[in-house]
Every structure is written in structure tokens, then in C-alpha cells.
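In the working numbering, the protein residues as written are 670 to 950.
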């Protein structure tokens with residue numbers, strides 16, 4: 670099996686762990702937790718190698734069972750892990766090294782994912798180099814450059830500011846290091862895979878709960894959105910949310926008194942805007 674195919678398959682297994690590990694669904698529920706999308710943006714997947722078949726499709730691949738249809742486009746997936754469940758060693762006998770660039774560990778979801786990565790690296794026998802940007806785009810760029818300089822075999826990135834990582838990730842891809850992004854899709858750069866939830870559906874579930882479960886179809890509404898710099902996820906969630914309440918806004922039954930983004934997804938930002946809205950209602 671070619672090196673690029675192998676390393677991509679292994680890092681995608683790790684992505685599936687992160688996407689499902691934070692889920693509250695029962696093991697029996699096979700509803701897709703997210704999507705794997707290949708060749709996102711202007712991806713140059715082969716990066717000078719002959720592994721184009723590993724990233725040849727642009728169709729999203731839903732995550733269900735990591736040994737079945739979600740990974741059907743990665744040849745011989747079942748043969749990648751060793752009998753003991755660990756990742757194989759490289760030809761030189763060393764462990765694979767994965768660079769992990771996290772935007773923050775401020776929120777619980779990122780704390781959980783960092784713990785899952787550390788536990789999985791110990792279990793599967795690979796090295797995870799985890800760097801946290803602390804919601805600082807410039808720091809994340811520097812950390813990505815540092816990971817590349819350390820000679821990692823692949824990089825996983827959760828972008829803090831998706832609009833700023835294009836140049837550095839392009840540079841990394843040109844070095845032949847595959848990049849897999851999660852949750853926040855970096856703009857104008859070649860990532861081999863992007864792993865995310867269905868944000869439009871997520872937003873729609875919010876509004877369905879308000880309308881169908883709570884039965885609220887009138888009154889004053891406050892809409893608090895995520896960080897405005899997340900130019901993919903936040904608009905998708907918002908669009909999904911409006912599908913069920915837009916008709917009530919158009920009819921005048923729902924009055925949106927405040928619609929505001931929350932910088933860095935901070936709880937104190939949301940509280941500040943919520944308190945401000947009380948004076949407007």
C-alpha cells in the first residue's frame with residue numbers, strides 16, 4: 670500500500686474517533702455523525718506522490734462504520750492496522766508522527782478531543798504532537814510551521830480563523846505533508862480531507878426543537894451566533910436554523926430583537942449580548 674493512502678486512512682480513523690467520541694448518541698444509532706469530504710477547495714492531493722487514487726473523488730463520504738462504506742474509497746483499509754490494533758511502524762521502524770493543531774481548549778468539546786487524541790495515540794502506538802493556538806491565528810500559523818519543521822507525517826488542523834490559514838497550509842502541502850481539517854474548513858488551500866458535521870442540519874434541529882417541541886412560534890427572539898470569522902460553519906448553522914422560523918419572522922409573529930455573533934464562541938460574549946437584549950425586548 671502506498672504511503673499516502675496508508676497515512677490518510679489512519680488519520681481519518683482518528684478523525685472518526687473525534688467526531689463520534691463527543692456524540693451523545695447510543696451505540697445502536699447509525700445516523701451519520703459527520704462527513705468526510707475529499708479534495709476540498711483547490712486541493713493538490715498527490716503532493717508530488719503517485720497516490721492520487723486515495724483522494725480522487727469530490728463526493729462527501731458519510732461516517733458510519735470505519736471498516737465499511739465510509740472508508741470504501743481507501744483501498745485495503747482493513748489491512749492497515751496490525752493484529753494488535755496498533756498502527757504499523759514506518760519502514761525505518763519509527764512510529765508515525767501526527768501533528769495536531771488545535772484552536773483552543775477553552776470549550777469542553779476541544780478538551781474532550783485532546784484527551785481522546787492522547788488516549789488513542791497511546792492505544793494505537795503513534796506519536797501525536799499537540800499544539801494549542803489559544804484562539805490566536807498568528808500563533809496557529811507559527812505552530813503549523815513548527816509541526817512541518819518537526820517532520821510530521823501528516824497534520825490535523827482545527828482552524829481558529831479559517832480565512833488565514835491558506836498560505837501556510839499550501840506551503841505545507843507543497844512539502845508533501847497531507848493535511849486533514851476538522852470542523853472549520855480553511856479557505857483557499859489544499860486539504861486532503863475535511864471532516865465535519867452537517868451544520869445545516871444541526872441548525873435545523875435547533876429551530877425544530879423551538880417550534881415543534883416547545884411550541885414557540887411567536888414573540889421576541891434573540892439569535893446568538895458563533896464567531897464571525899468562521900465563514901463556513903456559522904452561516905451554515907444559521908441557514909439551517911432559519912428554515913423553520915423564517916415563516917414566522919415573515920408573518921411578523923416572531924420579532925428578532927437582536928442578532929449577534931459571539932467572538933471566539935465565548936460564554937461571556939453570549940451573556941453580554943443576552944443582557945443587552947433584555948433592554949431591547
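Backbone N, C-alpha and C fix where the C-beta goes; we use that ideal spot for every residue, glycine too.
A quick note: this is a predicted structure, and the numbers were derived from the prediction, not measured.
#### Entry: Environment of residue 946 [buried if 16+ CB atoms lie within 10 Å]
So residue 946 counts as buried.
### Inter-residue Cα distance where the pair is residue 850 and residue 949
Rounded to the nearest angstrom, the two C-alpha atoms are 40 Å apart.
### Query
Can you tell which of 940, 919, 867 and 942 has its C-alpha closest to the C-alpha of residue 902?
867
#### Entry: Under the three-state DSSP convention, the category residue 935 falls into
coil
### Task
Taking only runs that begin and end inside the segment 804-878, name each unbroken beta strand (DSSP E) of 3 or more residues, in chain order.
823-826, 848-851 and 860-865
### Message
Looking at residue 813: is its Cβ nearer than 7 Å to the Cβ of residue 837?
### Response
Contact flag set, yes.
### Message
Taking a contact to mean a Cβ-Cβ separation below 7 Å, would you say residue 886 touches residue 922 in this structure?
### Response
yes
### Task
Check whether the segment 921-940 touches the segment 888-906, counting contact only when three or more Cβ pairs, one atom from each stretch, lie closer than 8 Å.
yes
### Message
Suppose contacts are defined by Cβ-Cβ distances below 7 Å. Is residue 830 in contact with residue 898 by that definition?
### Response
yes
### Task
Write down the C-beta distance between residue 875 and residue 833 rounded to the nearest angstrom, noting that I regard them as a contact closer than 8 Å.
Not confirmed; about 28 Å, so no contact.
### Task
Tell whether a beta-carbon distance below 7 Å holds between residue 825 and residue 783.
no
### Task
Specify the secondary structure class of residue 930 as computed by DSSP and reduced to three states.
Note: residue 930 maps to strand in three-state DSSP.
### Closest by C-alpha distance to residue 763, when choosing among 771, 822 and 944
822
### Query
With DSSP run on the structure shown, which of helix, strand or coil describes residue 796?
strand
### Task
State the DSSP-derived secondary structure class of residue 762, mapped to helix, strand or coil.
coil
### Task
Quick one: measure Cβ to Cβ for residue 893 and residue 863, integer angstroms, because I've assumed they're closer than 8 Å.
With a Cβ gap of about 26 Å, residue 893 and residue 863 do not count as contacting.
#### Entry: Three-state secondary structure (DSSP) of residue 887
coil
#### Entry: Close-in-space but distant-in-sequence residues of the same chain around residue 819 (CB under 8 Å, 5 per side omitted)
766, 768 and 798
### Task
Within 10 angstroms of the Cβ of residue 931, are there 16 or more other Cβ atoms? Answer buried if so, exposed if not.
buried
### Query
Which value, in whole angstroms, describes the spacing of the CA atoms of residue 944 and residue 938?
10 Å
### Message
Short of 8 Å in beta carbon distance, which residues of its chain neighbour residue 776, apart from the five on each side in sequence? Order them along the chain.
### Response
934
### Message
Pull the bridge partners of residue 893 from the DSSP assignment, please.
### Response
929
### Task
Would you tell me roughly how many angstroms separate the C-alpha atoms of residue 806 and residue 879, rounded to the nearest one?
35 Å
### Message
Whole angstroms are fine: how far does the CA of residue 817 sit from the CA of residue 835?
### Response
15 Å
### Query
Which two residues bound the contiguous alpha helix (DSSP H) that contains residue 904?
That run of the alpha helix (DSSP H) goes 902-920.
### Query
Does the Cβ-Cβ distance between residue 848 and residue 856 come in under 7 Å?
no
### Query
Do you know how far the Cα of residue 677 is from the Cα of residue 716?
Residue confidence for residue 716 is low, a pLDDT of 34 falling below 50, so the modelled location carries little weight; the figure read from the coordinates is stated next. Taking the straight line joining both Cα atoms gives about 13 Å.
### Query
Taking the alpha carbon of residue 929 as the point to measure from, which residue in 904, 811, 915 and 920 has its own alpha carbon closest?
904
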